[in-house]
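Structure first, then comments.
Protein chains: 2
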Amino acid sequence: MLHLVGLGLADETDITVRGLEIVKRAERVYLEAYTSILLVDKEKLEAFYGRPVIEADRELVETGSDDILADGDKVDIVFLVVGDPFGATTHTDLVLRARELGIETKVVPNASIMSGIGCTGLQLYNFGQTVSMVFFTETWKPSSYYDRVRENVQTGLHTLVLLDIKVKEQSLENMARGRRIFEPPRYMTVAQCAAQMLETEEERQEGVYGPDSLAVGAARVGAANQKLVSGTLKELSTVEMGAPLHSLVLLGRRTHELERDYIREYAVNKETFDASYAKGYGASL
Amino acid sequence: MLHLVGLGLADETDITVRGLEIVKRAERVYLEAYTSILLVDKEKLEAFYGRPVIEADRELVETGSDDILADGDKVDIVFLVVGDPFGATTHTDLVLRARELGIETKVVPNASIMSGIGCTGLQLYNFGQTVSMVFFTETWKPSSYYDRVRENVQTGLHTLVLLDIKVKEQSLENMARGRRIFEPPRYMTVAQCAAQMLETEEERQEGVYGPDSLAVGAARVGAANQKLVSGTLKELSTVEMGAPLHSLVLLGRRTHELERDYIREYAVNKETFDASYAKGYGASL
Numbered sequence: 001m002l003h004l005v006g007l008g009l010a011d012e013t014d015i016t017v018r019g020l021e022i023v024k025r026a027e028r029v030y031l032e033a034y035t036s037i038l039l040v041d042k043e044k045l046e047a048f049y050g051r052p053v054i055e056a057d058r059e060l061v062e063t064g065s066d067d068i069l070a071d072g073d074k075v076d077i078v079f080l081v082v083g084d085p086f087g088a089t090t091h092t093d094l095v096l097r098a099r100e101l102g103i104e105t106k107v108v109p110n111a112s113i114m115s116g117i118g119c120t121g122l123q124l125y126n127f128g129q130t131v132s133m134v135f136f137t138e139t140w141k142p143s144s145y146y147d148r149v150r151e152n153v154q155t156g157l158h159t160l161v162l163l164d165i166k167v168k169e170q171s172l173e174n175m176a177r178g179r180r181i182f183e184p185p186r187y188m189t190v191a192q193c194a195a196q197m198l199e200t201e202e203e204r205q206e207g208v209y210g211p212d213s214l215a216v217g218a219a220r221v222g223a224a225n226q227k228l229v230s231g232t233l234k235e236l237s238t239v240e241m242g243a244p245l246h247s248l249v250l251l252g253r254r255t256h257e258l259e260r261d262y263i264r265e266y267a268v269n270k271e272t273f274d275a276s277y278a279k280g281y282g283a284s285l
Numbered sequence: 001m002l003h004l005v006g007l008g009l010a011d012e013t014d015i016t017v018r019g020l021e022i023v024k025r026a027e028r029v030y031l032e033a034y035t036s037i038l039l040v041d042k043e044k045l046e047a048f049y050g051r052p053v054i055e056a057d058r059e060l061v062e063t064g065s066d067d068i069l070a071d072g073d074k075v076d077i078v079f080l081v082v083g084d085p086f087g088a089t090t091h092t093d094l095v096l097r098a099r100e101l102g103i104e105t106k107v108v109p110n111a112s113i114m115s116g117i118g119c120t121g122l123q124l125y126n127f128g129q130t131v132s133m134v135f136f137t138e139t140w141k142p143s144s145y146y147d148r149v150r151e152n153v154q155t156g157l158h159t160l161v162l163l164d165i166k167v168k169e170q171s172l173e174n175m176a177r178g179r180r181i182f183e184p185p186r187y188m189t190v191a192q193c194a195a196q197m198l199e200t201e202e203e204r205q206e207g208v209y210g211p212d213s214l215a216v217g218a219a220r221v222g223a224a225n226q227k228l229v230s231g232t233l234k235e236l237s238t239v240e241m242g243a244p245l246h247s248l249v250l251l252g253r254r255t256h257e258l259e260r261d262y263i264r265e266y267a268v269n270k271e272t273f274d275a276s277y278a279k280g281y282g283a284s285l
């Protein structure tokens with residue numbers, strides 16, 4: 001049997017009691033370690049579980065899934081996923097492959113950033129579709145997310161923006177020479193995301209949002225040192241939120257006053273917050 | 001300190017390790033028992049925690065929150081919430097009251113139906129806003145949800161519909177006479193929801209969806225006996241999904257073929273599924 005076990009958002013104690021029991025008695029335990037990270041490392045997990053954990057990088061999951069699933073019809077295999085197994089990154093390909101091999105799959109759900117973002121005080125009911133923001137380069141600044149944000153903005157809904165992470169990436173030179181040397185991991189910050197959003201708006205000039213649009217930055221959701229900041233995109237483009245992971249929510253026009261009161265408490269600057277809010281937000285709009 | 005602890009979706013073992021530690025050493029533990037339910041009863045939780053749990057009904061939370069928060073500046077108080085504390089039903093009012101009283105609040109996130117619904121194989125990225133469906137009566141059939149569904153349909157997104165539950169409701173007669181006698185709990189089924197959706201469409205006649213529109217019914221998400229069914233709204237209006245809780249997802253036009261393949265596996269009838277799908281779904285639309 002293949003068990004997809006969610007780890008939640010912050011540290012080793014965020015696993016559920018049911019998940020922990022399964023991990024302890026499984027034959028092999030893999031950790032998906034390329035689409036998201038916990039705020040603790042693999043060694044901490046191993047100490048907590050009292051057993052070894054095999055790191056599964058993109059290569060192993062995408063081309064070596066049959067190794068992961070080996071003997072899955074006879075023994076229990078665990079695939080640990082940060083957040084929820086069917087959250088931001090789903091592993092339906094692994095499940096479909098297991099199904100083909102006649103291996104049963106079970107899922108242990110956990111907190112995902114898609115629901116954990118409710119800690120901002122913004123109602124999950126008022127979110128539209130979620131978008132992803134990748135690291136821009138000099139020559140590659142994809143803006144398809146902008147069209148989806150527009151759809152949410154037109155309806156008046158909040159947009160959760162999930163931020164890129166780069167783990168075990170090779171430089172072009174190392175890749176060309178076949179050297180398995182990896183760049184240090186990179187995690188997009190709220191400030192980078194806000195700056196890239198403004199860059200896209202400047203390029204597209206379609207007025208989906210602007211420097212005065214309100215947003216919420218969230219860092220380390222679910223952890224003891226979680227940090228929330230609200231402000232204009234311009235303010236957030238220079239905000240310092242500390243260690244990863246970060247997310248951003250672009251505020252929708254149909255914000256309820258209870259939501260406003262809640263996020264105003266952690267505004268960078270209550271004066272600019274109120275001024276921007278008065279210009280275009282409120283449930284009656 | 002006030003700890004809002006998420007319980008996840010199914011049974012007593014869905015609490016996180018961190019959550020369980022907090023529950024075991026807290027001074028008082030309340031269970032929010034009127035907006036959602038676990039699939040096990042309070043006694044099971046008490047046996048698992050090894051301590052008493054106080055059931056908090058709507059009355060206590062809404063008018064007796066100061067009793068819940070008593071001594072919260074000196075001792076640890078736990079407020080257990082099915083799912084995630086900031087999921088479908090948020091308790092921002094309790095948090096705001098704690099803040100007024102100078103009581104610090106911490107949150108232990110967990111799986112919520114808002115992310116757990118990813119188990120259907122539908123991508124959380126492709127969901128628009130979530131709506132709620134209440135039990136219709138002869139004289140009260142609120143259809144404001146229909147306008148929100150329309151916004152999602154126009155954008156091509158899936159809609160998660162959360163279904164009403166009635167716990168500790170009094171009949172009008174008992175209420176008038178001040179008798180604290182409660183009706184048996186009621187939980188809306190997928191079939192009732194689909195039927196009510198079709199009733200609204202028949203009344204409004206605005207073509208937001210119809211009997212042939214595709215949807216997914218989900219029962220007991222996260223539990224061992226979880227059940228998923230896909231089909232047309234007409235098919236789902238007579239489907240039998242067993243014990244609560246149920247949810248429904250109305251399929252958006254922009255369904256990806258991987259999503260289609262996944263949900264087609266559990267179609268009531270693959271032939272009608274394919275026929276309906278061909279008429280109006282697919283990522284290119």
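Just so you know, the protein sequences line up as chains A and B, in that order.
First residue of the first sequence? That's 1 in full-length UniProt numbering, and the numbers climb one at a time after it.
First residue of the second sequence? That's 1 in full-length UniProt numbering, and the numbers climb one at a time after it.
Heads up, the beta-carbon is just placed ideally off N, CA and C, and yes, glycines get one too.
Bear in mind that the values here come from a model prediction, so they are computed numbers and not experimental data.
Check	Outcome
Could you tell me which chain A residues have their CB closer than 7 Å to the CB of B/S65, listed as they occur along the chain?	Chain A residues near B/S65: none, gap ~15 Å exceeds 7 Å.
Quick check: the Cα distance between A/N152 and B/V61, rounded to an integer number of angstroms?	33 Å
Which stretch, first to last residue, makes up the alpha helix (DSSP H) that contains A/Y146?	144-155
Candidates B/L7, B/Y277, B/G50, B/G252: which alpha carbon is nearest B/I113's?	B/L7
Can a CB atom of chain A be found closer than 8 Å to the CB of B/I68?	no
Pull up the DSSP beta-bridge partners for A/Y187, would you.	A/I165
To the nearest angstrom, report how far apart B/E240 and B/A191 are at their CA atoms.	7 Å
With 7 Å as the C-beta to C-beta threshold (strictly closer), list the residues of the stretch 136-167 of chain A near chain B in chain order.	E151, T155, L157
Select from B/V216, B/F135, B/G102, B/E271 the residue whose C-alpha is nearest the C-alpha of B/T200.	B/F135
For the beta strand (DSSP E) containing B/M114, list its first residue and its last residue.	Per DSSP, B/M114 belongs to no beta strand (DSSP E); it is in the alpha helix (DSSP H), 113-116.
Going along chain A, which residues have a C-beta under 7 Å from B/L258?	T92
With the cut-off set at 8 Å, would you say B/I68 and B/Y125 are in Cβ contact?	no
Starting from A/F79, trace the beta strand (DSSP E) in both directions and tell me its first and last residue.	77-81
At the level of alpha carbons, what is the spacing between B/E169 and B/M175?	9 Å
So what does DSSP say about A/A215, is it helix, strand or coil?	strand
Could you tell me how far apart the beta carbons of B/L157 and B/S247 are, in whole angstroms, since I believe they sit closer than 8 Å?	That pair is no contact at about 16 Å.
Closer than 7 Å, Cβ to Cβ, to anything on chain A: give me those residues from the stretch 120-131 of chain B, in chain order.	G121, Q123, L124, Y125, N126, F127, G128, Q129, T130
List the whole-angstrom C-beta distance separating B/R18 from A/D14, where the pair is believed to meet the contact cut-off of C-beta under 8 Å.	6 Å
Just to confirm the assignment, what range does the alpha helix (DSSP H) spanning B/L20 have?	17-25
Could you give the first and the last residue of the continuous beta strand (DSSP E) run that contains A/E240?	No beta strand (DSSP E) contains A/E240, which DSSP labels as neither H nor E.
Does any residue of chain B have a CB that is nearer than 8 Å to the CB of A/D76?	no
Taking just the CA atoms, how far does A/A223 sit from B/G207?	45 Å
Return the residue from the list B/K74, B/G72, B/L94, B/L39 that minimises the CA-CA distance to B/A56.	B/L94
Compare the Cα-Cα distances from B/L160 to each of B/G118, B/E183, B/A195 and report the closest residue.	B/G118
Quick one: Cα of A/L236 to Cα of A/A194, how far?	6 Å
So, are the CB atoms of B/L2 and B/P85 less than 8 Å apart?	no
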